[in-house]
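Just so you know, we're using this note's numbering here: the sequence shown kicks off at 37 and counts up by one. All remarks here apply to the structure that follows.
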Amino acid sequence: MRGLEKEPEKGARCEVCFDKRFLVSAQKALELGEKKITTTLLVSPLKSQEQLKRVGDKFYKEHGVKFIAVDYRSGGGTQDQSRVTKEQQLYRQDYCGCIYGLTMQREQQDKLMDEMFSPVSGQILPASIEERLELYTTRNKLEDEGKEYKIIKQKFLNYRQFFCKLTKGKTQNISAYALSYSTLPRKRAQGKIEYSIDNIHYFNREEIKFLSLQHFNQLANTQYQSVKELIFNPPSFEKEVQLRTTITNTQYDLSPIIVIDEMIETKLTLFLDAKTYEDTKEKLIII
């Protein structure tokens, strides 16, 4: 794909992808004793049927495996897809599936490509692929049990954290954990803890709050032995949001809340790159 990364949908990159997929499919067909193949890409409005047919016909000449190209989109076929998807409450992916097409589409939408986020902690993030898998696993179980349900869409403020680092002096790294919805507009703040109220320690820059791990454990009813353990095995995203509300007494606070093993009185520098953005996710309701 080198050199084709910026090709648009239905462009030259798609043909290279088709060539590879057709070749593997044709080889499998011959292995199974079959002489015809087709593709679900024919139903996708993101793909060119003429392009698919041209590549398929080329393979027929080269490999003797016939490509069956049925126009499923004409005669209201695309509208039928939308209708059936809605009636049957099916997940319908809104992009082709390749990283290049997804990148360009999200850039055009001015939307974060959060499908690609899988945190090292394993925490399931809102509107992530992992959350969607959980939802549809539950949905399949409800169908097996004959229970009625509804999948609705919900607008909300999403959050992704890219990077968090705390240093003491110029070089000494301090283990630190930023709670969900911690944001820092300039991505960097330097200062000192100025005062403390009820075990919440207030930084003299950017409304940053610090918690000791001991106080975090008390509030969250957890037993972490170190911040490093917290980083790699955090509470659920929902529990973090509840904890933030408990600490700030509001559901709308976006100031950084940082957990460290013990309080430090010297100058600290916090580096935090994170983003909040409007998003939509699915929600499962049992009727």
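Idealized CB from N, CA, C, for every residue including glycine.
query                                                                                                                                                                                    : result
Count the other CB atoms, across all protein chains shown, that sit within 10 Å of the CB of ILE188; report buried if there are 16 or more and exposed otherwise.                        : exposed
According to the Cβ coordinates, are LEU193 and THR76 closer than 9 Å?                                                                                                                   : no
Considering only residues of the stretch 148-211, which uninterrupted beta strand (DSSP E) runs meet the minimum length of 3 residues and lie entirely inside it, listed in chain order? : 185-204, 208-210
Are the beta-carbon atoms of VAL156 and ILE267 separated by less than 9 Å?                                                                                                               : yes
Express the C-alpha separation of ALA105 and PHE199 in angstroms, rounding to a whole number.                                                                                            : 47 Å
Hey, could you find the ends of the beta strand (DSSP E) SER248 is sitting in?                                                                                                           : 245-248
Rounded to whole angstroms, what's the CA-CA distance from THR203 to ARG224? Just pull it up for me.                                                                                     : 11 Å
What does the alpha-carbon distance come out to for the pair LYS97 and ARG109?                                                                                                           : 26 Å
Taking the straight line between their C-alpha atoms, what separation do you get for GLN117 and GLN125?                                                                                  : 12 Å
Which residues bound the beta strand (DSSP E) around THR312?                                                                                                                             : 304-322
Please report the distance separating the alpha-carbon of ARG168 from that of CYS134.                                                                                                    : 19 Å
Apply the 10 Å Cβ neighbour rule to ARG222 and answer buried if 16 or more other Cβ atoms are within range, or exposed otherwise.                                                        : exposed
Check SER232 in the structure and name its three-state DSSP category.                                                                                                                    : strand
Any idea which residues DSSP pairs LYS72 with across the strands?                                                                                                                        : LYS102
Just mark VAL101 as buried or exposed, buried being the case when its beta carbon has 16 or more other beta carbons within 10 Å.                                                         : buried
Classify ALA48: buried if its beta carbon has 16 or more other beta carbons within 10 angstroms, exposed otherwise.                                                                      : exposed
In three-state DSSP terms, what is GLN124?                                                                                                                                               : coil
Which word fits LYS72, buried or exposed, when buried means at least 16 other C-beta atoms lie within 10 angstroms of its C-beta?                                                        : exposed
Compute the distance between the beta-carbons of LYS122 and ILE323, then report whether it is under 9 Å.                                                                                 : no
Any chance the stretch 210-222 sits against the stretch 256-264, with 3 or more Cβ pairs inside 8 Å?                                                                                     : yes
Leaving out five residues on either side along the sequence, give the residues of the same chain with a beta carbon under 7 Å from the beta carbon of PHE54.                             : LEU88, VAL91
At what residues does the beta strand (DSSP E) containing GLN226 begin and finish?                                                                                                       : 224-227
Under 8 Å: do the stretch 283-290 and the stretch 146-162 share three or more Cβ pairs, one atom per stretch?                                                                            : no
Relative to the alpha-carbon of LYS46, which residue among GLY113, PHE103, MET140 has its alpha-carbon at the smallest distance?                                                         : MET140
Report the three-state DSSP secondary structure of TYR131 (helix, strand or coil).                                                                                                       : coil
I need the straight-line Cα distance from LEU308 to LYS245, nearest angstrom please.                                                                                                     : 13 Å
So the candidates are ASP297, ARG280, LEU249, GLN190; which of them puts its Cα closest to the Cα of ALA163?                                                                             : GLN190
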